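These notes are about the structure you will find just below.
Residue numbers (the UniProt record's numbering): 1 to 190.
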(Lines of atoms letter the chains of each structure in order from A; the text may use other names.)
(Lines give C-alpha, C1' and ligand atoms only; values in the text may rest on other atoms or scores of the structure.)
Protein backbone atom coordinates (compact mmCIF):
# COMPACT_ATOMS: atom_id res chain seq x y z
CA UNK A 1 0.00 0.00 0.00
CA UNK A 2 1.26 3.40 -0.93
CA UNK A 3 0.36 5.71 1.94
CA UNK A 4 0.63 8.77 -0.27
CA UNK A 5 -2.40 7.66 -2.29
CA UNK A 6 -5.74 5.89 -1.96
CA UNK A 7 -7.43 8.54 0.13
CA UNK A 8 -10.68 8.76 -1.84
CA UNK A 9 -11.48 5.03 -1.64
CA UNK A 10 -10.59 4.87 2.06
CA UNK A 11 -12.81 7.87 2.79
CA UNK A 12 -15.71 6.25 0.92
CA UNK A 13 -15.25 3.04 2.95
CA UNK A 14 -15.24 5.05 6.21
CA UNK A 15 -18.53 6.71 5.18
CA UNK A 16 -19.97 3.21 4.72
CA UNK A 17 -18.49 1.84 7.97
CA UNK A 18 -19.90 4.69 10.06
CA UNK A 19 -23.25 4.28 8.31
CA UNK A 20 -23.45 7.96 7.40
CA UNK A 21 -24.56 9.41 4.08
CA UNK A 22 -22.22 12.37 3.58
CA UNK A 23 -18.59 13.27 4.05
CA UNK A 24 -19.70 16.10 6.34
CA UNK A 25 -21.34 13.53 8.62
CA UNK A 26 -18.12 11.50 8.45
CA UNK A 27 -16.18 14.57 9.60
CA UNK A 28 -18.50 14.88 12.60
CA UNK A 29 -18.04 11.19 13.43
CA UNK A 30 -14.26 11.50 13.18
CA UNK A 31 -14.15 14.83 15.00
CA UNK A 32 -12.25 16.57 12.19
CA UNK A 33 -12.99 19.61 10.07
CA UNK A 34 -14.35 19.27 6.55
CA UNK A 35 -11.29 21.10 5.22
CA UNK A 36 -8.93 18.59 6.86
CA UNK A 37 -10.72 15.65 5.24
CA UNK A 38 -11.01 17.46 1.89
CA UNK A 39 -7.30 18.26 1.97
CA UNK A 40 -6.49 14.55 2.36
CA UNK A 41 -8.72 13.64 -0.56
CA UNK A 42 -7.47 16.40 -2.89
CA UNK A 43 -3.82 15.54 -2.19
CA UNK A 44 -4.63 11.81 -2.31
CA UNK A 45 -2.87 11.39 1.04
CA UNK A 46 -3.98 8.21 2.80
CA UNK A 47 -5.76 9.18 6.08
CA UNK A 48 -4.19 6.52 8.30
CA UNK A 49 -5.16 8.10 11.63
CA UNK A 50 -8.78 8.51 10.47
CA UNK A 51 -8.91 4.90 9.28
CA UNK A 52 -7.56 3.69 12.62
CA UNK A 53 -10.10 5.76 14.56
CA UNK A 54 -12.88 4.44 12.34
CA UNK A 55 -11.78 0.83 12.96
CA UNK A 56 -11.73 1.41 16.72
CA UNK A 57 -15.06 3.26 16.74
CA UNK A 58 -17.02 0.93 14.46
CA UNK A 59 -15.30 -2.44 14.70
CA UNK A 60 -14.81 -2.44 10.92
CA UNK A 61 -11.94 -4.52 9.62
CA UNK A 62 -8.73 -2.55 9.28
CA UNK A 63 -7.88 -4.58 6.17
CA UNK A 64 -11.22 -3.70 4.60
CA UNK A 65 -10.92 -0.01 5.49
CA UNK A 66 -7.35 0.18 4.20
CA UNK A 67 -7.35 -2.10 1.14
CA UNK A 68 -11.03 -2.78 0.46
CA UNK A 69 -10.34 -6.52 0.88
CA UNK A 70 -12.41 -9.00 2.88
CA UNK A 71 -15.59 -8.25 4.81
CA UNK A 72 -16.39 -4.89 6.37
CA UNK A 73 -17.04 -6.66 9.68
CA UNK A 74 -15.09 -9.90 10.01
CA UNK A 75 -17.11 -12.52 11.85
CA UNK A 76 -14.16 -14.06 13.70
CA UNK A 77 -12.90 -10.78 15.14
CA UNK A 78 -14.26 -9.67 18.48
CA UNK A 79 -14.04 -6.01 19.32
CA UNK A 80 -13.82 -5.14 22.96
CA UNK A 81 -13.34 -1.49 23.76
CA UNK A 82 -13.21 -2.34 27.45
CA UNK A 83 -10.48 -4.97 27.00
CA UNK A 84 -7.22 -4.68 28.90
CA UNK A 85 -4.00 -6.44 27.85
CA UNK A 86 -2.68 -8.36 30.84
CA UNK A 87 0.62 -10.28 30.93
CA UNK A 88 0.46 -13.82 32.25
CA UNK A 89 2.98 -16.03 34.00
CA UNK A 90 3.02 -19.77 34.65
CA UNK A 91 4.20 -21.07 38.00
CA UNK A 92 6.18 -24.24 37.29
CA UNK A 93 8.74 -25.83 39.61
CA UNK A 94 8.61 -22.84 41.97
CA UNK A 95 9.68 -20.52 39.13
CA UNK A 96 7.72 -18.03 37.02
CA UNK A 97 7.72 -18.53 33.27
CA UNK A 98 6.38 -16.07 30.71
CA UNK A 99 2.92 -16.81 29.36
CA UNK A 100 0.77 -15.15 26.74
CA UNK A 101 -0.63 -11.66 26.94
CA UNK A 102 -4.33 -12.03 27.69
CA UNK A 103 -7.21 -9.71 26.85
CA UNK A 104 -9.48 -9.36 29.87
CA UNK A 105 -12.65 -7.30 30.09
CA UNK A 106 -12.23 -4.44 32.56
CA UNK A 107 -15.70 -5.26 33.92
CA UNK A 108 -14.34 -8.64 35.07
CA UNK A 109 -11.37 -7.12 36.90
CA UNK A 110 -11.39 -5.39 40.28
CA UNK A 111 -12.09 -1.68 39.94
CA UNK A 112 -9.03 0.58 39.56
CA UNK A 113 -6.59 -2.34 39.31
CA UNK A 114 -3.08 -1.16 38.47
CA UNK A 115 -0.33 -3.19 36.84
CA UNK A 116 -2.38 -6.43 36.65
CA UNK A 117 -0.91 -9.88 36.11
CA UNK A 118 -2.39 -13.36 35.64
CA UNK A 119 -0.57 -16.26 37.31
CA UNK A 120 -1.43 -19.83 36.34
CA UNK A 121 -0.65 -22.59 38.84
CA UNK A 122 -2.01 -25.92 37.60
CA UNK A 123 -5.78 -25.59 37.19
CA UNK A 124 -5.93 -22.33 39.10
CA UNK A 125 -5.62 -18.85 37.63
CA UNK A 126 -4.89 -15.92 39.91
CA UNK A 127 -5.33 -12.27 39.00
CA UNK A 128 -3.13 -9.94 40.97
CA UNK A 129 -1.64 -6.49 41.05
CA UNK A 130 2.06 -5.76 41.01
CA UNK A 131 1.45 -2.28 42.44
CA UNK A 132 0.57 -2.02 46.13
CA UNK A 133 1.24 0.40 48.96
CA UNK A 134 2.08 -2.06 51.72
CA UNK A 135 2.07 -5.73 52.52
CA UNK A 136 -0.99 -6.67 54.54
CA UNK A 137 -3.29 -9.64 55.14
CA UNK A 138 -4.26 -11.67 52.10
CA UNK A 139 -2.99 -13.94 49.36
CA UNK A 140 0.34 -13.02 47.79
CA UNK A 141 2.77 -14.23 45.14
CA UNK A 142 6.10 -14.23 46.97
CA UNK A 143 9.72 -15.19 46.48
CA UNK A 144 11.31 -17.11 49.37
CA UNK A 145 15.02 -17.71 48.77
CA UNK A 146 14.50 -17.98 45.00
CA UNK A 147 11.42 -20.20 45.31
CA UNK A 148 8.24 -18.55 44.09
CA UNK A 149 4.86 -19.56 45.49
CA UNK A 150 1.42 -18.29 46.35
CA UNK A 151 0.91 -18.02 50.10
CA UNK A 152 -1.39 -16.52 52.70
CA UNK A 153 0.17 -13.65 54.63
CA UNK A 154 -1.01 -12.20 57.94
CA UNK A 155 0.63 -9.09 59.35
CA UNK A 156 1.59 -9.59 63.03
CA UNK A 157 3.05 -7.22 65.66
CA UNK A 158 6.74 -6.34 65.58
CA UNK A 159 6.90 -5.62 61.83
CA UNK A 160 6.54 -9.32 61.09
CA UNK A 161 4.33 -11.49 58.93
CA UNK A 162 3.02 -15.02 59.27
CA UNK A 163 3.33 -16.89 55.98
CA UNK A 164 1.31 -20.06 55.44
CA UNK A 165 0.08 -22.55 52.90
CA UNK A 166 -2.16 -25.58 53.43
CA UNK A 167 0.52 -27.52 55.33
CA UNK A 168 3.06 -25.17 56.88
CA UNK A 169 3.42 -21.73 58.40
CA UNK A 170 6.27 -19.60 59.70
CA UNK A 171 6.97 -16.06 60.83
CA UNK A 172 9.54 -13.71 59.33
CA UNK A 173 10.45 -10.05 59.42
CA UNK A 174 8.54 -7.91 56.96
CA UNK A 175 11.78 -6.61 55.42
CA UNK A 176 12.86 -10.21 54.67
CA UNK A 177 9.79 -10.79 52.50
CA UNK A 178 10.05 -10.39 48.73
CA UNK A 179 6.47 -9.89 47.53
CA UNK A 180 5.87 -9.99 43.77
CA UNK A 181 2.11 -9.44 43.53
CA UNK A 182 -1.00 -9.12 45.70
CA UNK A 183 -3.59 -11.68 44.59
CA UNK A 184 -7.05 -10.18 44.11
CA UNK A 185 -8.99 -12.98 42.39
CA UNK A 186 -8.80 -16.75 42.09
CA UNK A 187 -10.42 -18.86 39.35
CA UNK A 188 -10.22 -22.65 39.55
CA UNK A 189 -10.99 -25.02 36.67
CA UNK A 190 -12.82 -28.14 37.74
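For every residue, glycine included, the Cβ atom is placed at its ideal position computed from N, Cα and C. All values derive from a computational prediction rather than experimental measurement.
Residue i to residue j span [Cα, whole Å]
i: residue 66; j: residue 73; result: 13 Å
i: residue 46; j: residue 37; result: 10 Å
i: residue 172; j: residue 108; result: 34 Å
i: residue 125; j: residue 190; result: 12 Å
i: residue 134; j: residue 145; result: 21 Å
i: residue 21; j: residue 113; result: 41 Å
i: residue 59; j: residue 105; result: 16 Å
i: residue 63; j: residue 32; result: 22 Å
Whole-number beta carbon distance between residue j and residue i, since they are thought to touch under 8 Å
i: residue 88; j: residue 103; result: Contact doesn't hold; Cβ gap of about 11 Å is too wide.
i: residue 177; j: residue 148; result: Rounded, the Cβ-Cβ distance is 13 Å, inconsistent with contact.
i: residue 129; j: residue 90; result: That pair is no contact at about 18 Å.
i: residue 162; j: residue 169; result: 6 Å
Exposure label - residue i; buried when at least 16 CB within 10 Å
i: residue 42; result: exposed
i: residue 151; result: buried
i: residue 50; result: buried
i: residue 250; result: In this structure the chain extends from 1 to 190, so residue 250 is not present and cannot be described.
i: residue 156; result: exposed
i: residue 40; result: buried
i: residue 30; result: buried
i: residue 239; result: Summary: the structure shown does not reach residue 239, with the chain confined to residues 1 through 190, and so no result is reported for it.
i: residue 7; result: buried
i: residue 26; result: buried
i: residue 94; result: exposed
i: residue 82; result: exposed
Where the beta strand (DSSP E) through residue i begins and ends
i: residue 151; result: 147 to 156
i: residue 131; result: Residue 131 -> no beta strand (DSSP E), and no H or E assigned at all.
i: residue 100; result: 95 to 105
i: residue 162; result: 160 to 164
i: residue 143; result: 138 to 144
i: residue 170; result: 169 to 173
i: residue 194; result: A question about residue 194 goes unanswered here, because the residues of the chain that appear run from 1 up to 190.
i: residue 178; result: 178 to 188
i: residue 209; result: Residue 209 lies beyond the residue range present for the chain, which begins at 1 and ends at 190; the question has no answer from this structure.
i: residue 121; result: 116 to 121
Jot down the residue ranges of each uninterrupted alpha helix (DSSP H) in the UniProt domain "Bacteriophage CI repressor N-terminal" (9 to 73), minimum 4 residues, whole runs only, in chain order.
23 to 30, 34 to 43, 48 to 58, 62 to 67
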